[in-house]
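Peer 1:
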Amino acid sequence: MIILDSNVWVAFFNKSDSQHQKAKKNLKEITGKVTATEYVILEVCSVLLVRAGKQVANKFLEIVFDNDDIEILLSDGGFFEKVINLFQENNNKKLSFVDVSLLCLSKSHQIVTFDKELLKELKTGN
23 MIILDSNVWV AFFNKSDSQH QKAKKNLKEI TGKVTATEYV ILEVCSVLLV
73 RAGKQVANKF LEIVFDNDDI EILLSDGGFF EKVINLFQEN NNKKLSFVDV
123 SLLCLSKSHQ IVTFDKELLK ELKTGN
């Protein structure tokens, strides 16, 4: 399964984003289902609200929740605790809590991101 990082979703839905064309290309190349995590959805809505407006944030939610090719992955207490532990242990100050949650999921999912710091961590297997 593929998980898109927040920056990919934001770039796709925000036409004025510098990565918009890259996000469109990436999404066209994906075959099969995409997973959207609860944390990513929260972050995308917050960023789109500020950068592109409420209408765009609402459109994102409509598409994510009404699309059979997008699986919503909700967090549970055990996963939350795992993310907290890794967040506290990880010394990379440029990784957000959401980034660390994606690191936790990278063992079972492919992560698509434009975040250079997260990509670096994913390549080292942390």
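Going by the numbering used here, the first residue of the sequence shown is number 23, and it counts up by one from there. Where a beta carbon is used, it is the ideal one built from N, C-alpha and C, also for glycine. Quick caveat: nothing in here was measured; it's all calculated off a predicted structure.
#1: Cα separation between F119 and F109?
#2: Considering only residues of the stretch 29 to 106, which uninterrupted beta strand (DSSP E) runs meet the minimum length of 3 residues and lie entirely inside it, listed in chain order?
#3: Do you know offhand how far K76's Cα is from D121's?
#4: Look at the alpha carbon of V62 and the alpha carbon of F34, and state the distance between them as a whole number of angstroms.
#5: N36 and L71 - do their beta-carbons sit closer together than 8 Å?
#6: In three-state terms, what does DSSP make of L140?
#7: Considering Cα atoms alone, identify which of S40, Q41 and N114 is closest to K142.
#8: Going by alpha carbons, who is nearest to F136 out of A45, S38 and M23?
#9: Roughly how many angstroms lie between the CA atoms of L64 and N48, to the nearest whole one?
#10: Helix, strand or coil: which one does DSSP assign to L117?
#11: Given that a residue counts as buried once 16 or more other Cβ atoms are within 10 Å of its Cβ, and exposed if not, what is N29?
#12: What separation, rounded to the nearest whole angstrom, lies between the Cα atoms of A79 and T59?
Peer 2: The structure says:
#1: 6 Å
#2: 56 to 59 and 92 to 95
#3: 24 Å
#4: Rounded to whole angstroms, V62 to F34 spans 14 Å at the Cα level.
#5: no
#6: helix
#7: Answer by Cα proximity: N114.
#8: The shortest CA-to-CA distance from F136 to any of A45, S38 and M23 is the one to A45.
#9: 21 Å
#10: Per DSSP, reduced to three states, the secondary structure at L117 is coil, with no helix or strand assignment.
#11: buried
#12: 16 Å
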